[in-house]
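*Asks:* Below is the structure I would like to discuss, written out as structure tokens.
Residue numbers (the working numbering): 693 to 840.
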């Protein structure tokens, strides 16, 4: 049933698009003044505007009703609500938590000034490099204050 309604929905949408594109706009009547126009003979004396606009309104009403029926059916569906609900959940295995502080590894040598009981001091150096030497001033010929 869902598939039939979805196919009908797509057909109604394509029909509405086709009928809207077939209709003439308000500015198209200016061409009739200049000698154009002969479209009234195919659909009768009133022209195609009346037939196409009524058919478009009928298809739009059917599209709207079909949309409401599809929305109602989707909201009252039995079963899983989403794809995530259909996936199998793995059995949760309890993994023992590792301690944050491990025992002291005797194979790693300690710094000379540190003991095993005292926390290690910050060994990062914070020395500032010496400033770069300034470049000597070069006199530009013709500049004010330049010796000639």
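Backbone N, C-alpha and C define an ideal beta-carbon position, used for all residues, glycine too.
CB of residue 829 to nearest heavy atom of the ligand GTP: below 8 Å?
*Replies:* The ligand content of the structure shown is nil, which means the ligand GTP is not present either.
*Asks:* My output table needs one value for residue 765: the three-state DSSP class, helix, strand or coil.
*Replies:* Residue state, collapsed to three classes: helix.
*Asks:* Measuring only the C-alpha atoms, how far is residue 769 from residue 751?
*Replies:* Each residue's alpha carbon lies about 27 Å from the other.
*Asks:* For the alpha helix (DSSP H) that contains residue 707, what are its first and last residues?
*Replies:* Segment 694 to 714, the alpha helix (DSSP H) holding residue 707.
*Asks:* Check this for me: beta carbons of residue 753 and residue 711, under 9 Å apart or not?
*Replies:* In this structure, residue 711 does not lie closer than 9 Å to residue 753 by Cβ.
*Asks:* Starting from residue 799, follow the alpha helix (DSSP H) in both directions and report where the run begins and ends.
*Replies:* No alpha helix (DSSP H) contains residue 799, which DSSP labels as neither H nor E.
*Asks:* Considering only the beta carbon of each residue, do residue 698 and residue 744 sit closer than 9 Å?
*Replies:* No, these two residues do not count as a Cβ contact at 9 Å.
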